[in-house]
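The next block holds one structure in the form of structure tokens; read it before the comments.
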């Protein structure tokens, strides 16, 4: 496959692009992470979301530890060619490392961030004790 | 109002946080931009999305030129406290400077980015000739 579609991305100086994972069907935003060229290429080839972990400085095949893979149904690019949106099916129904469905589980209410989503599964059970 | 909620944000070294604007009701992701502390504070106080324009290095009150303001219905913070999601009502139904509803108007299909959303209004008519 030609790599022109990868060349069209306006990567940051660090060679990254932000990626937003949105639940297919509901539109719920589940997480936000970064991809490098290799991660995005592997995402397209495998059909499962692969990110670049900035903290660990390595490819992060989402679900490799938790089993919570993200099957990519569609990918979109924005007008500036510097942000990716993915429609995904979230395996296990849990995207967040805290054991919640979405990473965006805190809502701004009356001047503070309040937790508005339950923990579905204890992280100790997800990642092993 | 206490500013503790602003102190809880993990700003980048440049003092910014990414913000995702999602259409209330449909969940459609309309745009992605950045906020600094002042932009986020003004967003919360005014109820309308205010970003930080990195290219112009100034506050960007969305809609100030186009009239396409974004009324904020809800705001969420992620687990790492470094990304904001806003549920918004998009005035004029157009978020993108290209005159499309969403900035994410290109879909990855058969190895290329294809435009899949129509221009609703000519940008020349939005921003003045």
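Chains as they are written, first to last, in the working numbering: chain A, 1 to 129; chain B, 130 to 258. All residues carry an ideal CB built from backbone N, CA and C; glycine is no exception.
Counting C-beta pairs closer than 8 angstroms gives fewer than three between the stretch 198 to 212 of chain B and the stretch 74 to 93 of chain A, which falls short of the contact rule. By the CB criterion at 8 angstroms, residue 173 of chain B and residue 159 of chain B fall outside the cutoff. None of the residues of the stretch 186 to 199 of chain B has a beta carbon lying less than 7 angstroms from any beta carbon of chain A. According to DSSP, residue 59 of chain A shares a beta bridge with A:52. Within the stretch 157 to 186 of chain B, contact with chain A at the beta-carbon level (separation under 8 angstroms) is assigned to 157, 158, 160, 161 and 173. Only buried fits residue 231 of chain B, as 16 or more other CB atoms lie within 10 angstroms of its CB. At a cut-off of 8 angstroms between beta carbons, residue 143 of chain B makes no contact with chain A.
Fully enclosed beta strand (DSSP E) runs of no fewer than 3 residues occupy 199 to 206, 213 to 219 and 235 to 238 of the stretch 194 to 239 of chain B, in order along the chain.
Sixteen is the threshold: when 16 or more other Cβ atoms of the shown chains lie within 10 Å of the Cβ of residue 78 of chain A, as they do, the residue is buried. No Cβ of chain B is located within less than 8 angstroms of the beta carbon of residue 6 of chain A.
Under the Cβ criterion (8 angstroms, minimum of three pairs), the stretch 116 to 127 of chain A does not count as touching the stretch 136 to 155 of chain B. Taking a C-beta distance under 8 angstroms as the contact criterion, residue 228 of chain B and residue 2 of chain A do not qualify as a contact pair. Taking a beta-carbon distance threshold of 8 angstroms, residue 78 of chain A counts as an interface residue toward chain B. Shown here, residue 5 of chain A sits in a helix according to DSSP, grouped into three states.
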